[in-house]
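S.K.: Chains as they are written, first to last, in my numbering: chain A, 638 to 2151; chain B, 2 to 488.
No residue lacks a Cβ here, since even glycine has one placed at the ideal position from N, Cα and C.
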Amino acid sequence: MVTGVGDGPVGLYRPEFEHDACGVGVVAHVDGVKSHRIIEEAVKVLMSLSHRGATGSDPLTGDGAGILIQMPDTFLREEALLLGINLPPIGDYGVGMIFLPRDPQQQETCERICEEVVRNEGQIVLGWRDVPTNSSNIGKSSRDLQPVIRQLFVSKGNQITQLGQFERKLYVIRKVIEQMVLDSGVDQLGEFYVNTLSSNKIVYKGLLMGTQLSDFYLDLQAPKLASSFAMVHSRFSTNTLGSWKLAHPYRFIVHNGEINTLRGNINWMVARQGSMSSSLFGNDIKKLFPVITAGASDTASIDNAIELLINTGRPIQQVMAMLIPEATGARVGMSQSKRDFYDYHACLMEPWDGPALIAFTDGTRIGAILDRNGLRPFRYLVTTDGLCVMASEAGVLQIPPQNVLYKSRIEPGRMFLIDPERGGIIDDETIKNDLSTANPYGEWLEANLMELGDLSDTGTSTETDGIRLKELQRMFGYTQEELTMLMEPMAAGGSEPVGSMGNDTPLAVLSDRPQSVFSYFKQLFAQVTNPPLDAIREELVTSLSVTLGSEQNLFEERAEHARQLKIESPVLTNGDLEKIKNLNLPSLKCATLSTVYRISSGSGGLNLAIDELCRKATDVVSRGSSIIILSDRDIDKDHVAIPILLATGAVHHHLIREGTRTRTGLVVESGEPREIAHYALLIGYGAGAVNPYLVYATLDDLNSRGAFGSNGSRVDDYQQNYLKAAQKGLLKIISKMGISTIQSYRGAQIFEAVGLSQGLVDQYFTWTPTRIGGIGLEVIESDILHFHSEAYSERSQLTDVELNNGGVYYWRRNGEYHMWNPDTVAKLQFASQMNDKKSYDEFAVLANDYERNLCTLRGLLSFKNAESPIALEEVEPVDKIVKRLATGAISLGAIGREAHETLAIAMNRIGARSNSGEGGEDYRRYSPNENGDRRHSAIKQVASGRFGVTTNYLVNASDLQIKMAQGSKPGEGGQLPGHKVDDYIGWVRNSTPGVELISPPPHHDIYSIEDLAQLIYDLKNVNSSARVHVKLVSEVGVGTIAAGVSKAHADVVLISGDSGGTGASPESSIKHAGLPWELGIAETQQVLVRNDLRGRIVVQADGQLKTGRDVAIACLLGAEEFGIATAALVTLGCIMLRKCHLNTCSVGIATQDPELRKHFSGRPESVINYFYFIAEEFREIMAQMGFRTVNEMVGRVDRLDSREVLSHWKAKGVDLSGLLHWTDVSSLVATYCCESQDHSLGGVLDQELIKKSEQALKHQKTVSYEMPIRNFNRTVGAMLSGELAKKYGETGLPEDTINVEFCGSAGQSFGAFLAKGITFTLKGDSNDYFGKGLSGGKLIVLPPEGSTFKAEESIIIGNVSLYGATGGESFIRGLAGERFCVRNSGAYTVVEGVGDHGCEYMTAGRVVVLGPVGRNFAAGMSGGIAYVLDETGIFDQNCNPDMVELEPVVEMGDVVELRTLIQKHYEYTGSESARKILSSWKQMQAKFVKVYPRDYKKVIEARKQQRLESGRGG
Amino acid sequence: MGKASGFIEFNREAPRRRSTNDRIKDWREFYESWTDGQARNQGARCMNCALPFCHKGCPLGNLIPDWNDLVYKGRWKEAIESLQSTNNFPEFTGRICPAPCEVSCVLAINQEPVAIEHIEKVVADKAFDEGWIRPEPPYQRTGKRVAIVGSGPAGLAAAQQLNRAGHWVTVFERDETIGGLLALGIPNFKLEKHLVERRVAIMAAEGVEFKTNAHVGVNYPTSDLKRDFDAICIAGGSTLPRTLDIPGSDLVGVHLAMEYLTQQNRVDAGQIIPSHERITANGKQVIIIGGGDTGSDCLGTARRQGADTIYQLEILPEPPHSRGPGNPWPQWSIILRTSHAHEEGSIREFGVLTKSFFGSGGRLSKLQGIRLDWGPPDVMGRSVMQEIAGSEFEIDTQLVLLAMGFVCPDPRGMIADLEVQLDARGNVETSGNKMTTIPGIFAAGDMSRGQSLVVWAIAEGRQAAFGIDQYLMGSSNLPTVDLKGWA
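Right, dumping it as structure tokens:
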């Protein structure tokens, strides 16, 4: 079932959250020689990238493929002639490649519009050509949706005289056509689409697989069709609501990645339109609006932006550098002129931020750019005959080694350009140098850009006295616990406070307590389709600085554009704000608008006040204020303030709608914001900077009371600490979404609203998703009046002393409601430990008591019981139901060994599943106990840290879970503090006891959906019998991602709610990120069913499930399996101390302290009792509803009622119809999992390897053989290793038992999880994830025989090699890409050069680098040693010094180790570099630097000392 | 929160009790004082649990983790502010509360709980020493008048809350001293009376009017109350004692505990009791019937009066020394508790039933009892007792003190006059806001709840104050208290 595009939101589905990713390729002749061969080769590239695309439920319908070429003049001229059209000379005609509606009537109307517009714009219609197609081999759904495809020939009119003018005119024509078709409403299914309308290039694309493209478009087969370059693209979209027009290429680019800041970029572009003017376009300029086509994808949008900017006269390379700038942080080394170039352009436009590999062309020049993080691979080679082949993978074309001139890759932030007019290939340095010297950017900045830090202090600031302080605190809803739990720790320690055990308080809209507007928003985060970033370890790519002021006309480039105020961090001190207030330059003028209004204006006053505020904003902008300060300083007894977020959003959107937003910067001066999440929201809705004055006053007061030491602390210290914490927290929030700069986060609205009415959102937070409706202004008004009355109570003075405690973080009797409270914990413990059903029932009544405490969305739902319930005996047995339950992922490390094993034993006894969490597993747990109990975790997690993920670990699992995110801190990594890493934990995790362990925010092998598919494929290869799970966290769009996950062939998708989580997390993440599972499960079910993808994947729910009722609701919304973590721990004695992060759990659960672990008193029986109680309660509900089996109940939202909540003053606006949207499908479409995924493991190369290795596997005999290999042979070696591990476990086979020599370009994950005893030698090169999870095997790579290029200067393996390796060896003769040896925890390797972020998060093993090293080497490296040959003496600039020390290699042990490794490298690979080094070892030894992690060194030195002492003693 | 590893580093430590030899010689408080450092170390032991079961277990909902932390950090002034936000009289509860908070403390699961009550006492005492607790009259008066009948902890708490809310409050006390059981029931060695007087003085300075010897319904007409006040709160306690109706109970030498304890308190306060009315244990063999706190108070009093031997008889069987399997944390622990008075010397007998008293010349000389067998609990958890044949025993005695608790308030007099409805147990029936069935008339403390702890009385008084304030003004900013306890 495929629905056409143009659909709006349905149920919880929102089309704007569609994602795609892909394979990208470019074939070009460096001298611009046109030929048909280019096109042929490009088509071949497309075919060998087919594994990067995807298909939906229909295996023959691809997600999209296409090609962009230069105008094929010769070919088209002949074709046109056949139609009687005589084309003018090339350049004087344009061709429109157009998709038209299938309906003849509609087609005709559209064609008429096209022609009319061409004529109206003064150009000449020459005629139409039917594009010949062959649709016999494409998929049915694709054929069903196939538009009419025609080409329109347009000739230049006689007013066109200037160069480029015709192309600009064609641009105008296309925009006008698009708008007219839209306005006419004729195109009912949204089929009409102009692929290209250009005089110099043309696109052929469609809803096709890469392999089908040239079959489909007959033109592509014509020998006369020639171009000097071709750009191809194969698409993998997250769902199958396929569309012809969503295929790439777009008009200028192909894109692999995501634009995370899209919403903001679009808004800013709209805002800019008001100030655009151009002599090039004159009056035509208005016809270009909206510049960004409404509802377009991220790629289409940036394509729109590029198109506009190119037409401003900027060369395409400048446009790309403007939109996707390099990192310019202090740690990045670059020339001043280049820095100036970027700084200047930052005044013009915010970055379009997100992972992006973009290949681009203006019709003549062709190039590619990679964003600053470099998260997408792009390899290229140049041949001796002038061909350049660039693609997402190496080896896409088979080119004889002797023809290869050199091989390389595009590095993060860098650009590559082929400009035949300027002699072919131009490197990044030349491009940037040309750009940055084109104008005196430095001088312009010097003369115009003001830096806040350079302004002198005004010496004035407003202070707050004691009584006023209490009033203000109450007025803005401050609570005692915010003081002690948030502000004190930030100000004392300079970092964000950490909590544990998730969130169990009501959604803001369901809480009985008044709420701040901030609390209705949840942060969105990256998962699967784009990676979150690590703002700590990869700080160099981030930036907090913003500019404020009035933007100028984008079409010009003048010194005045730099007349802005630059601020280094968006959280301002009082002094900073005073400086801004005192600005009074012609170009920088500041106006303060008060956000308060008279309380006496009564009901409706808020609405009027906002309108008034917006009017004033218009007024001051028109009078030239380039900075507006929104201030609530004037709040008092008679005045309340518009909640500051509301005020900010209102003014921001008001000015956008007015088209004046870019004329002014917005600054907030408010007593309301105090949490990091508040700053993020204010900036996300348009504020450039925030002054939280009440925070400073509160900190002063706390200091006077001895909070920062009994003698008080210096204001500079605690205020700076607070600011530092806020800045770090902000960076973390933006990096969760994969965004690097605050400048592009500003206004990007990376939030989902929960509980705000659509009307309110449309007005003040336009475009923010809000899917369950909720409150309007009147509730907000009543809340602020409530706070006001608390502040100004006249009678009682009992409340004067203390602020209300709040009880939001930690339960308090008069505080916010918590689902886990002393009553529920006590009841559940009694019930489970005593096996007391009555007590469980009482617990369930308390936990399900939604009458009194609405708390959750499920609380608003009730069951529609059957008219005649069935007998309980008829319902599937309880033993079967408990097998659908699992405990949550809790790592050994987070909790102690006893608790971890007790959970496993309990689950294994009842056939349910426990989850290892991220932390490996002691292999001894794979054998049963004496009493028959099995202690292994059925579900083994594969998380970003890959701790202990060995081949043996993987084959001993019945489920493998890829953790993309976790509920309590989605988008973030983790940290296990050193004090929790004891000897045992260290051993299980392959790390050094006592040394902190870091899990990166992203999986470094998953930057996109096709990467996820690759990891699933890897895991399936190792252990084909295990189900592969993908764990996601609920947020808007998660259903779309789940569809992608299903298409990526995962067996299970787990949707976690925001509220669960047993681990330690920053408080702001626990409270402000992620959404309830109810929304996630419902959306997942809706999208999967709609795309007919549900039948092949199991859906699991978790996140604070506690009772049979919870399970029943999850089932009815669409889940068939259920995870329970927190409650299971409670049955083992957890009392919700929420101290997991401190290692001081007094009941011995979440601690590694041996003394405290003695207090552990949990028994498996308790967990079992509880799970049976849940299953029984679930069965009772099933019986009442008349369901005999769980399967028939899955997704039956029609049997849920959204309960009468109309009586609740706040919840009455909530509308759950989206949640309960019933997808009406035929009986042929599965609604629960009923078939298994096709993992296509039949034809993998390993099947052959296993056969050929039989003697070794069966009889441990040595075998050796050769094997050719291509880039589509992926994950070679993993299945073989799995077989080996199943038989020989942890110990494997003796070294070099199985020897395979490969020749060719290996696909991704070559040698993944290679087990001990296997040696692979690859003659050729390899793609990304080389040696992923290496588990004891040996990998050798060297250039193919006959190659002439210099191996030590050429790239030979791709990005993220040896990620998560736990052991083994690897010798690489050539350069590796970015992120070499990330999370290595045991492999020994030699390589001849690495890209950026080498050895990141490494914890053990050895890395020898014999050549160049990219930036940020050794970030987060806490163990192991790297030896780097530093011939030029600049290595220290590229090394991140935060965790490592650099030392010479002098100690005997080190010298021997290093030399031995290089010797081996030479022997295995014949490396020229190694030979040279060894031949002059004495001199070369001195040039090596030992990279020694500081904490690791401490531990190692201490051990040495110990050995020495014990040696002396003995 | 205290110190993360505080509970690992420091053991529980309570202030030392004065030596028994020393303390039985006088009527002064039996604890020695504590240093600030000791209090801070105990504060450090608090883990600031996310679910503070102590705070749940405290009838008042004291913000225990908050002030434990402040004490640990030496921020004493904020500690008393936090403490006073839920508790009007921490100087009392810090001394005489059985500390259900400590029973609920999560450390009590597997080690010794935080010494919460002692910390509370230190905070309160320090606050008085520093002058932080002083009269706080309201900003403005509402003009409404409220009568509180009974000056025990419930009445006093209600009075203070209502006064601070701006109402004019008059407290009526039937006896000659303000404080109810605080003043007359509880012995000095547990709560020295100057502490009560100090608090009363503060309240008087805040504007609360006290009327002693005003027994409403007896020597002060109930109708005057109804006429002169906008609201009434009755907090007269549970006054009808449980008695033993067995042969010999009318002998001279058989006394009610309250009769005995109040007399000693009056003597301590300097009143002269005619010798024929004086009840003293001096030189006698004393038997206390009832194993609860009142029994323990009698024990300490008798010891200080110079008793010879003291028996304490309890009808229920001896509880275990640690929690039984059906009595897990955080339930109130049913275990054998040894009070300071027990340390001072007594013979405790469990599972015995007093059958009769014998005397000579109308004077008590002997108690006869029998041992009991308590069968296994039935489905409702109740055991049935059975006398063990042949286990009869006799003890010579000259003084028997009946400390078996109270049944309910006296239904005559004021209660009858007000025509408020009583519940099945004979207590005054109230709604959640402590209003009786008669609008404008509220009831608090033992009179409504039945006999209970001082903390419950304060909690009741606070909640009644909220109810009254709301009744009088339409809404109230006074804090509320959840009076239900564990679900």
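Return no unless some Cβ of chain B is closer than 7 Å to the Cβ of Glu-1704 (chain A).
M.R.: no
S.K.: Within this structure, are the beta carbons of Ala-1128 (chain A) and Tyr-1477 (chain A) separated by less than 7 Å?
M.R.: no
S.K.: Suppose you measure from the CA of Val-421 (chain B) to the CA of Glu-430 (chain B); what does that come to, to the nearest Å?
M.R.: 8 Å
S.K.: Considering only the alpha carbon of each residue, which of A:Ile-1542, A:Tyr-2000 and A:Leu-1712 lies closest to Glu-1567 (chain A)?
M.R.: A:Ile-1542
S.K.: If you run the structure through DSSP and keep just helix, strand and coil, what is Trp-133 (chain B)?
M.R.: coil
S.K.: Using 6 Å as the cut-off, classify the Cβ of Met-1544 (chain A) as near or not near the heavy atoms of the ligand ATP, replying yes or no.
M.R.: In terms of ligand content, the structure shown is empty, and the ligand ATP therefore cannot be addressed.
S.K.: Pick helix, strand or coil for Ile-1272 (chain A), following the three-state DSSP scheme.
M.R.: Ile-1272 (chain A) falls in the coil class under three-state DSSP.
S.K.: Would you report the Cα separation of Ile-814 (chain A) and Pro-769 (chain A), rounded to the nearest angstrom?
M.R.: Looking at the backbone, the Cα of Ile-814 (chain A) and that of Pro-769 (chain A) are separated by about 24 Å.
S.K.: Is it true that the CB of Leu-479 (chain B) sits closer than 7 Å to the CB of Ala-466 (chain B)?
M.R.: yes
S.K.: When you compare each of A:Gln-1466, A:Ser-2059, A:Gly-2035 and A:Ala-1812 to Gly-2051 (chain A) by their alpha carbons, which one comes out closest?
M.R.: A:Gly-2035
S.K.: Comparing alpha-carbon positions, which option in A:Ile-735, A:Gly-1954 and A:Gly-1610 lies nearest Ala-605 (chain A)?
M.R.: The structure shown does not extend to residue 605 (chain A), since chain A is modelled only from 638 through 2151, so no value can be given for it.
S.K.: Pro-1169 (chain A): which of A:Ala-1602, A:His-1573, A:Val-907 and A:Glu-804 sits nearest, CA to CA?
M.R.: A:Ala-1602
S.K.: Here's the rule: buried if 16 or more other CB atoms are within 10 angstroms of the residue's CB, otherwise exposed. What is Leu-1435 (chain A)?
M.R.: With a pLDDT of 49 at Leu-1435 (chain A), under the threshold of 50, the modelled position of this residue cannot be trusted; read the value that follows with caution. Leu-1435 (chain A) comes out buried.
S.K.: How is Gly-5 (chain B) classed by DSSP in three states: helix, strand or coil?
M.R.: Looking at the sequence provided, one finds Ala at residue 5 (chain B) rather than Gly. It is coil, neither helix nor strand.
S.K.: Counting only beta-carbon atoms, is Pro-331 (chain B) nearer than 7 Å to chain A?
M.R.: yes
S.K.: Is it true that the segment 1659-1672 of chain A meets the segment 1627-1642 of chain A, where meeting means three or more beta-carbon pairs spaced less than 8 Å apart?
M.R.: no
S.K.: Use the C-beta contact count for Ser-1377 (chain A): other C-beta atoms within 10 angstroms, 16 or more gives buried, fewer gives exposed.
M.R.: buried
S.K.: Does any residue of chain A bring its CB to less than 7 Å from the CB of Asp-397 (chain B)?
M.R.: Closer than 7 Å: no.
S.K.: What residues of chain A sit near Val-494 (chain B), judged by a beta carbon separation below 8 Å?
M.R.: The requested residue 494 (chain B) does not occur in the structure, where chain B is confined to residues 2 to 488.
S.K.: Using a beta-carbon distance below 7 Å, is Asp-379 (chain B) in contact with chain A?
M.R.: At a cut-off of 7 Å between C-beta atoms, Asp-379 (chain B) does not count as an interface residue with respect to chain A.
S.K.: Check whether the Cβ of Pro-1143 (chain A) lies closer than 7 Å to any Cβ atom in chain B.
M.R.: no
S.K.: Could you list which residues in chain A have their beta carbon closer than 9 Å to that of Arg-11 (chain B), in chain order?
M.R.: The displayed chain sequence assigns Phe, not Arg, to residue 11 (chain B). Neighbours of Phe-11 (chain B) on chain A: none; closest Cβ ~13 Å, over 9 Å.
S.K.: Can you find the residues in the same chain that come closer than 6 Å, C-beta to C-beta, to Arg-305 (chain B), ignoring five residues on each side of it along the sequence?
M.R.: Ile-25
S.K.: Could you run through the segment 1459-1477 of chain A and flag, in chain order, every residue whose CB is less than 8 Å away from some CB of chain B?
M.R.: Pro-1459, Asp-1460, Val-1462, Ala-1463, Lys-1464, Gln-1466, Phe-1467, Gln-1470 and Met-1471
S.K.: Closest by CA to Leu-819 (chain A), which one among A:Thr-930, A:Gln-788 and A:Lys-882?
M.R.: A:Thr-930
S.K.: In the segment 1861-1898 of chain A, which residue ranges form an unbroken alpha helix (DSSP H) of at least 4 residues, counting only runs that do not cross its ends?
M.R.: 1882-1889 and 1891-1896
S.K.: Verify the CB distance criterion: does Leu-1123 (chain A) have a CB-CB separation below 7 Å to chain B?
M.R.: no
S.K.: Less than 7 Å separating the beta-carbons of Arg-811 (chain A) and Leu-789 (chain A)?
M.R.: Against a cut-off of 7 Å, the Cβ pair of Leu-789 (chain A) and Arg-811 (chain A) comes out as no contact.
S.K.: Tell me which residues of the segment 55-66 of chain B have at least one Cβ-Cβ distance to chain A shorter than 7 Å, keeping chain order.
M.R.: His-56, Lys-57, Gly-62 and Leu-64
S.K.: Name the chain A residues that come within less than 8 Å of Gly-75 (chain B), Cβ to Cβ?
M.R.: Gly-1343 and Ser-1347
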